[in-house]
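In the numbering used here, the protein residues as written are 763 to 1179. Accompanying notes for the structure given below.
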Ligand SMILES: [Zn+2]
């Protein structure tokens, strides 16, 4: 019996050692080949458990140099267990607030400092070094400044740098800046004059949100992309003409621009993005010069004064809720390139009286024409093969079809097979 237990224990021990060796793998096994006598020795090293540690002492930053945080290393094997990271230099208040950049050869403007002037000039140099950027949030909530001139040489204006500067009327941005970053001027409700250089190619997310005093789109000649809700609530803009060079309009670019009446889209625009004109309650005229392929979700939602809109030939998809609540629209022509009419697409378009569904259409989403209370005639170019939740629907009679589309019977998508 004792012998049996001993044997089992021995086997277990061997297994355990074998497993340990295989787990640790090649890293801990060093094979040395001695060339002279061709003998091979194998040593198994015990892995370091990094139990003893040394602190690598950091350095405090000053106004003249950056600092370093504390780090940590293993005092046995020297492995860095926690690396040191750079602490930015201390701010310098000299009128405006400056900071030496991590390169130690240039400065950033980090805030208004002790300046009380309402007119601010951001210099191009400080103490003989170039000023290259305005840090994010640098002038955020500076409610008194009225004008800012940014000197040439500044290439980077950080996110939200002038957000909520509610007295700001005019600002000059120098050539060399390539992006108006997210929320840079949002809630600058008095901003009227802004010079955007041709070097700017992108206007960021919400960059001009709530700039209610702007009367025209602030764009230089180089702009190609406009970010998500870049001009949200810019109620003072009435006419917009987008140059052909603009190729990307993100969702909701003109979200709730209540003053906007007339828009001309250049040749670079090939889609009406989601929510592009959502809530533009005074929009009445849209001119399209590009080859539009799709109309995004909610793109004209609640354009309450839109009376007509010719969906361009070539559009294949009308997104869900695209014309939701366009209560004054009287006439909608669906070109025979459209295959899909999204759900809720014309929900609550109270003044539409008749609609023609071309034979290109194969899907009509649920509630697409729901609550189009005056809809009396829906003419299906191809009335056969339509199914709703598995049931065949007969669309040969325009009056019956209209009745079906505008009532709650239209709970499921309609599909043509
Ligand atoms: Zn170690």
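The C-beta atom is built at its ideal place from N, Cα and C for all residues, glycine as well. Quick caveat, the model's predicted, so the values are computed rather than measured.
Practice task
Mind reading off the beta-carbon distance from residue 963 to residue 985? Whole number of angstroms is fine, and I expect it under 8 Å.
Solution key: Cβ-Cβ separation between residue 963 and residue 985: approximately 6 Å, consistent with a contact (criterion under 8 Å).
Problem - Spatial distance of residue 1126 from residue 933 (CA atoms) - result: Their Cα atoms are separated by approximately 49 Å.
Practice task
Using alpha carbons as the reference points, say which of 1139, 1175, 992 lies closest to residue 1158.
Solution key: Selected option, being the one with the closest Cα: 1139.
Practice task
Go through its chain and collect everything with a Cβ distance to residue 941's Cβ below 6 Å, but skip five positions before and after it.
Solution key: 964, listed in sequence order.
Exercise for the section: Determine the direct distance from the alpha carbon of residue 924 to that of residue 1065, and round the result to whole angstroms. Expected result: Rounded to whole angstroms, residue 1065 to residue 924 spans 31 Å at the Cα level.
Practice task
Indicate whether residue 824 and residue 807 have their beta-carbon atoms separated by less than 8 Å.
Solution key: In this structure, residue 824 keeps its C-beta atom at 8 Å or more from the C-beta atom of residue 807.
Handout entry: First through last residue of the alpha helix (DSSP H) which encompasses residue 1001
Key = No alpha helix (DSSP H) holds residue 1001; the beta strand (DSSP E) holding it covers 1001–1003.
Exercise for the section: Tell me residue 1072's beta-bridge partners as DSSP assigns them. Expected result: Per the DSSP secondary-structure output, residue 1072 pairs in a beta bridge with 1095.
Practice task
Tell me residue 955's beta-bridge partners as DSSP assigns them.
Solution key: Checking the DSSP bridge columns, you'll see residue 955 partnered with 932.
Exercise for the section: Report yes if the C-beta of residue 865 is less than 7 Å from at least one heavy atom of ligand 1; otherwise report no. Expected result: Ligand 1 has no heavy atom closer than 7 Å to the beta-carbon of residue 865.
Practice task
Rank 1168, 1161, 1143, 1160 by C-alpha distance to the C-alpha of residue 1178 and give the top, closest one.
Solution key: Residue 1143 is the option with its Cα nearest to residue 1178.
Exercise for the section: Classify residue 1027 as buried or exposed, calling it buried when 16 or more other Cβ atoms lie within 10 Å of its own Cβ. Expected result: By the 16-neighbour rule on beta-carbons within 10 angstroms, residue 1027 is buried.
Practice task
Could you pull the start and end residues of the beta strand (DSSP E) that residue 841 belongs to?
Solution key: Run containing residue 841: none; DSSP gives neither H nor E here.
Handout entry: Strand pairing of residue 1033, partner residues [DSSP]
Key = Answer by DSSP bridge pairing, in chain order: 1056.
Problem - Sub-8 Å separation of residue 1022 and residue 1004 beta-carbons - result: Contact flag unset, no.
Exercise for the section: State yes or no: is the C-beta of residue 838 nearer than 7 Å to some heavy atom of ligand 1? Expected result: Yes, since a heavy atom of ligand 1 falls inside the 7 Å radius drawn around the Cβ of residue 838.
Problem - Cβ-heavy atom distance, residue 841 to ligand 1, below 7 Å - result: True, at least one ligand heavy atom lies under 7 Å from that Cβ.
Practice task
Out of 1063, 1049, 1105, state which residue places its alpha-carbon closest to the alpha-carbon of residue 1013.
Solution key: Nearest neighbour of residue 1013 by Cα position, chosen from 1063, 1049, 1105, turns out to be 1063.
Exercise for the section: Please report the residue range of the beta strand (DSSP E) in which residue 1142 lies. Expected result: Taken as a continuous stretch (DSSP letters only), the beta strand (DSSP E) holding residue 1142 covers 1139–1142.
Problem - Length of the line joining the Cα atoms of residue 1101 and residue 1146 - result: Near 16 Å, if we compare the C-alpha coordinates of residue 1146 and residue 1101.
Practice task
Could you tell me whether any non-hydrogen atom of ligand 1 is closer than 7 Å to the CB of residue 810?
Solution key: Yes, the beta carbon of residue 810 sits closer than 7 Å to at least one heavy atom of ligand 1.
Handout entry: Closest by C-alpha distance to residue 826, when choosing among 837, 810, 835, 868
Key = Checked all of 837, 810, 835, 868; the closest Cα to residue 826 is 868.
Practice task
Could you check the C-alpha separation between residue 1043 and residue 937 for me, to the nearest Å?
Solution key: Approximately 36 Å between the Cα atoms of the pair.
Handout entry: Given residue 1055 as reference, the closest of 993, 966, 872, 1075 once Cα atoms are compared
Key = In terms of Cα proximity to residue 1055, the closest of 993, 966, 872, 1075 is 1075.
Exercise for the section: Output the distance between the C-alpha atoms of residue 1096 and residue 1124, rounded to the nearest integer angstrom. Expected result: Their backbone Cα atoms lie some 13 Å apart in a straight line.
Handout entry: Sequence-distant residues of the same chain with beta carbon closer than 6 Å to residue 1176, five excluded per side
Key = Cβ neighbours of residue 1176 beyond the five flanking positions: 1126, 1148, 1150.
Problem - Beta bridge counterpart(s) of residue 891 as assigned by DSSP - result: The partner list for residue 891 (beta bridge, DSSP) reads 888.
Handout entry: Burial state of residue 810 (16 or more Cβ within 10 Å)
Key = For residue 810, the number of other beta carbons within 10 angstroms of its own is below 16, and it is reported as exposed.
Handout entry: C-alpha distance - residue 830 paired with residue 844, whole-angstrom precision
Key = Approximately 12 Å between the Cα atoms of the pair.
Exercise for the section: For the beta strand (DSSP E) containing residue 1177, list its first residue and its last residue. Expected result: 1176–1178 is the extent of the beta strand (DSSP E) around residue 1177.
Exercise for the section: Have a look at residue 1099 and residue 1120 and give me their C-alpha separation to the nearest angstrom. Expected result: Answer to the nearest angstrom: the Cα atoms are 8 Å apart.
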